[in-house]
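For the sequence shown, my numbering assigns the number 36 to the initial residue and increments by one for each residue that follows. Virtual Cβ for every residue (Gly too), placed ideally from N, Cα, C. In what follows, a single structure is set out as structure tokens and then discussed.
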Amino acid sequence: MANCSNCSAPLPQNSIRCDFCGSRNDVDLKGVHYYTTHETDSARTCPRCNIPLKTIDLKLDGKFLIERCDECLGLFFDPGELEALLEATVTNVFVIDRSRLGNITIAPNDYGVSYVKCPVCAKIMNRVNFGAKSGVIVDRCKEHGVWLDGGELRHLMEWMKAGGKLLDQERQEERKKAEAEQERERRDKITQMPGGRYPDNSFDDYGSILRTEDPDLFHIIKKAVDFFTR
């Protein structure tokens with residue numbers, strides 16, 4: 036259990052705020068790597084506190100810059116940076132601990148369910164569940180990156196240690212197989228229409244133009260394509 040950096044009291048589980056003195060604790064980056072302030076202020080603004088973010092260097096494999104709010108301790112990552120940080124700091128995970136994943140709980144934060152603006156473009160970000168069973172809802176701007184509230188990075192690291200990324204990859208593979216099976220069944224349905232079966236490569240040659248469930252239209256298009264491609 037982590038202790039408050041201000042009064043040394045034990046921090047509540049799943050929280051960065053001390054119940055005794057009320058201070059917030061930067062537990063997310065403790066044990067990750069020693070970090071230094073790279074610039075005084077960033078041009079990016081904290082979506083929670085509306086103050087300039089600080090650019091810090093985590094010094095992972097050289098320079099690794101992210102933004103942090105000194106007030107709420109939220110973190111902003113450019114596209115791909117959060118995944119890179121998790122990969123660099125959580126290693127040697129080879130099994131999925133489903134019991135541990137099921138016990139990962141997220142305490143309610145100070146903000147409830149709310150939508151925040153991207154620190155770069157100020158557009159409302161999407162709330163996205165990060166991976167399978169992580170329990171962390173991150174705020175994501177498709178163009179500029181991901182915002183994590185204080186404490187959420189620590190939970191994502193626990194998720195990684197429990198094999199959460201492996202589970203997510205497993206589910207993505209299962210989804211791809213299911214989609215491939217649905218596509219195969221759809222093609223079989225089309226090629227079994229009245230008029231005979233066409234070779235599989237006809238779909239590659241003619242693309243979606245032949246993908247119609249109207250038999251009459253199918254044969255009209257097929258004859259036209261055959262005429263102009265003879």
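Taking 8 Å as the cut-off, the Cβ atoms of M195 and V130 do not count as close. Measuring C-alpha to C-alpha distances from C153 to each of L136, D132, N138, C176 identifies C176 as the nearest. Excluding the 5 residues flanking it on each side, D105 has same chain C-beta neighbours closer than 7 Å at K89, in chain order. A buried status is given to P82, since no fewer than 16 other beta-carbon atoms sit within 10 Å of its beta-carbon. Within the region 58 to 140, the runs of alpha helix (DSSP H) that reach at least 4 residues and sit entirely inside it are, in chain order, 116 to 124, 133 to 137.
According to the DSSP assignment, R206 belongs to the alpha helix (DSSP H) that extends over 199 to 226. Per the Cβ contact rule, the region 176 to 195 is in contact with the region 146 to 162 (3 or more Cβ pairs under 8 Å). Using a Cβ distance threshold of 8 Å, I101 and L93 count as a contacting pair. The alpha-carbon of A78 is positioned some 18 Å away from that of T71. In the three-state DSSP reduction, I256 falls in the helix class (H, G or I).
By the neighbour-count definition (other C-beta atoms within 10 Å, threshold 16), N161 is an exposed residue. Annotation for R189: the continuous alpha helix (DSSP H) segment containing it runs 187 to 196. Between G198 and L117, the gap from beta carbon to beta carbon reaches 8 Å or more. The C-beta of I51 has 16 or more other C-beta atoms within 10 Å across all chains shown, which makes the residue buried. Contact between G185 and L108 holds, with the beta-carbon distance rounding to 4 Å and staying under 8 Å.
For G180, the pairing in a beta bridge is given by DSSP as C176.
Q227 and R221 have their C-alpha atoms roughly 10 Å apart. Residue pairing by DSSP places V163 opposite V173 in a beta bridge.
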